[in-house]
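K.L.:
The structure that follows is given in the form of C-alpha cells.
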Amino acid sequence: MKKIAITGGKGGVGKSMVATSLAVEFANNYKTMLVDADAECPNDHLLLSIKRKKYTTVYQPIPKWDFVKCTKCGKCASICKQNAIIFAKDKYPAFVRDACIGCKACIAVCPTGAITETKKEIGTIYTGKNYNVNLVSSELKLGELASGEVVAEVRKYSDKINEKMKADIMVIDSAPGIGCPVIASLVGTDYIVAVTEPTPSALFDLKRVLYLANHFGTKHGILINKFDLAENFYKKIEKFAKKNHIPILGRIPYRKDFISSTIKMKPVIKINPKYKELFENIINKIKVELR
Ligand code: SF4
Ligand code: SF4
Numbered sequence: 004m005k006k007i008a009i010t011g012g013k014g015g016v017g018k019s020m021v022a023t024s025l026a027v028e029f030a031n032n033y034k035t036m037l038v039d040a041d042a043e044c045p046n047d048h049l050l051l052s053i054k055r056k057k058y059t060t061v062y063q064p065i066p067k068w069d070f071v072k073c074t075k076c077g078k079c080a081s082i083c084k085q086n087a088i089i090f091a092k093d094k095y096p097a098f099v100r101d102a103c104i105g106c107k108a109c110i111a112v113c114p115t116g117a118i119t120e121t122k123k124e125i126g127t128i129y130t131g132k133n134y135n136v137n138l139v140s141s142e143l144k145l146g147e148l149a150s151g152e153v154v155a156e157v158r159k160y161s162d163k164i165n166e167k168m169k170a171d172i173m174v175i176d177s178a179p180g181i182g183c184p185v186i187a188s189l190v191g192t193d194y195i196v197a198v199t200e201p202t203p204s205a206l207f208d209l210k211r212v213l214y215l216a217n218h219f220g221t222k223h224g225i226l227i228n229k230f231d232l233a234e235n236f237y238k239k240i241e242k243f244a245k246k247n248h249i250p251i252l253g254r255i256p257y258r259k260d261f262i263s264s265t266i267k268m269k270p271v272i273k274i275n276p277k278y279k280e281l282f283e284n285i286i287n288k289i290k291v292e293l294r
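Okay, so the sequence shown: first residue is 4 according to my numbering, each after it adds one.
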C-alpha cells in the first residue's frame with residue numbers, strides 16, 4: 004500500500020478538495036482509504052456526503068493527585084512546561100486540566116508518588132464510505148489543544164482498520180500549518196502532494212512545509228490550485244519549483260464548479276466530468292514519482 008499525504012502549509016488553498024478528488028479518482032481503480040487528519044476542522048465527510056459513524060474515542064493521559072502523599076515541594080509545577088500546575092508555597096498544587104498535554108513529566112518528577120495517571124477525552128475517530136472511498140476521520144473535542152495526539156491516533160487506527168481492509172492507496176488529508184498535527188500527518192508517508200495557490204502567503208507557507216518534507220526525506224511535488232488567479236505569482240511558484248527540482252504535478256483552474264462542488268457536497272469530477280482528466284493526469288504523475 005502507498006500512503007500519499009496532501010498538505011501545503013497555508014489554510015484555504017484547497018487541500019481537502021484535492022484530497023477528496025484524488026481519493027474518488029483513485030477509487031475507480033484501487034481500493035482506497037481517505038484519512039481526514041485535519042482533526043481541528045475535519046470536512047472530507049461533508050465534501051463526500053458521508054454520514055460518519057463513531058469508531059472510537061481518543062483519550063489523553065492526565066495526572067491525578069493524592070494529597071495525602073503530597074509534601075508541597077512544588078517540583079511538579081516547576082517541571083510543567085505548559086504551566087498546567089500552579090503552585091504557591093505551603094499550598095497543594097492546583098491543576099489546570101485544559102492546559103495539560105499529557106507529557107507525564109510531573110508524574111516522573113514527584114518524589115513521593117503523589118501523582119498517578121488518569122485520562123481525559125480529547126477526540127473521536129469516525130468511519131464512513133461513499134463513492135467507493137473508505138473514510139477514516141478524526142475530530143478534536145471542542146476546546147482541547149492536543150490535535151497532534153488525535154492525528155497520531157487516527158494514523159494508528161487507519162493502519163489498524165487497513166489490516167482487514169487491505170487498501171492499495173491511503174490518501175491522508177493533513178491540517179494546515181507546519182506544527183504537530185502536520186508532522187503527525189506526514190510521518191511514514193511515501194509521497195507528499197503540496198497544494199498551493201498563487202499568492203505570496205501561500206508561497207511562503209509552501210516553502211516551510213517543503214522544508215518538513217525534505218526533513219523526512221519524503222518525495223514530493225507541487226500542485227497549484229487556482230493557478231489562473233494571479234499570473235505573476237503562478238510564475239514565481241514555477242520558478243521556485245524549477246530551481247529546487249520539484250515536479251509540478253498539475254495546475255487546477257479557478258472555476259465556479261469547485262464552489263458548486265463544496266455547496267452541493269459532491270466531488271468536482273461528479274459535478275463536471277471534464278475535471279476527471281485533470282485528476283487522472285495528477286495521479287499518473289504521482290505514480291511516476293512513486294516508482
Ligand atoms: S511534586 Fe509531588 S509532592 Fe511535590 S508538590 Fe507536586 S505532588 Fe506534591
Ligand atoms: S502531564 Fe505534563 S503537561 Fe500535564 S500537568 Fe503534568 S507536566 Fe504538565
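For glycine and all other residues, C-beta sits at the position ideal for the given N, C-alpha and C.
1) Can you round the beta-carbon distance between residue 11 and residue 221 to whole angstroms, since I take them to be within the 8 Å contact cut?
2) Consider the C-beta atom of residue 30 and the heavy atoms of ligand 1; say whether any pair is separated by less than 8 Å.
3) Less than 8 Å separating the Cβ of residue 179 from some heavy atom of ligand 1?
4) Which residues does DSSP list as the beta-bridge partners of residue 39?
5) Tell me the DSSP secondary structure of residue 10 in three-state form.
6) So within the stretch 70-150, which uninterrupted alpha helix (DSSP H) runs reach at least 4 residues, ignoring any that extend past its ends?
7) Mind checking whether the beta-carbon of residue 98 lies closer than 8 Å to any heavy atom of ligand 2?
8) Considering just the uninterrupted stretch of the alpha helix (DSSP H) at residue 244, what are its terminal residues?
9) Going by Cα to Cα distance, which pick from 260, 94, 23 and 280 is closest to residue 48?
10) If you scan the stretch 176-219 from start to end, which runs of the alpha helix (DSSP H) of 4 or more residues do you find wholly inside it?
11) Please work out which residues of its chain come closer than 8 Å, Cβ to Cβ, to residue 272, disregarding the five sequence neighbours upstream and downstream, and give them in chain order.
12) Comparing C-alpha positions only, which one of 52, 151 and 13 sits nearest to residue 264?
13) Have a look at residue 240 and residue 61 and give me their C-alpha separation to the nearest angstrom.
14) Using 8 Å as the Cβ pair cut-off and three pairs as the minimum, do the stretch 36-50 and the stretch 91-108 touch?
15) Excluding sequence positions up to five away, which residues of its chain have a Cβ less than 6 Å from the Cβ of residue 34?
16) Hey, would you say the C-beta of residue 105 is under 8 Å away from at least one heavy atom of ligand 2?
17) Can you list, in chain order, the residues of its chain whose CB lies under 8 Å from that of residue 68, leaving out five sequence neighbours each side?
18) Tell me the DSSP secondary structure of residue 226 in three-state form.
19) Just to confirm, are residue 42 and residue 175 a CB contact at a threshold of 9 Å?
20) Just tell me which of 147, 56 and 137 has its CA closest to the CA of residue 173.
21) DSSP puts residue 253 in a beta bridge; with which residues?
22) Tell me the rounded alpha-carbon separation between residue 83 and residue 144.
23) Consult DSSP for residue 160 and reduce its assignment to one of helix, strand or coil.
24) Starting from residue 291, trace the alpha helix (DSSP H) both ways and give me its first and last residue.
25) Measure the C-alpha to C-alpha separation of residue 74 and residue 93 and round it to an integer number of angstroms.
26) Taking DSSP as the reference, what is the three-state secondary structure of residue 272?
27) For residue 189, which option in 86, 72, 213 and 167 has the closest C-alpha, if you only look at C-alpha atoms?
P.N.:
In terms of the structure at hand:
1) Not really, about 14 Å apart at Cβ, beyond 8 Å.
2) Residue 30 Cβ: outside cutoff for every heavy atom of ligand 1.
3) no
4) 140 and 176, per the DSSP bridge assignment.
5) Of the three classes helix, strand and coil, the one that applies to residue 10 here is strand, per DSSP.
6) 78-82 and 108-112
7) yes
8) 234-246
9) 23
10) 183-189 and 203-219, all fully within the stretch 176-219.
11) Closer than 8 Å at the Cβ level, and outside the excluded window around residue 272, lie 24, 27, 28, 278, 279 and 282.
12) The shortest C-alpha to C-alpha distance from residue 264 to any of 52, 151 and 13 is the one to 52.
13) 39 Å
14) no
15) 170 and 171
16) Checking the 8 Å criterion, the Cβ of residue 105 is within range of a heavy atom belonging to ligand 2.
17) 95, 96, 98, 117 and 118
18) strand
19) no
20) 137
21) 226
22) 23 Å
23) Helix at residue 160.
24) 278-293
25) 9 Å
26) helix
27) 213
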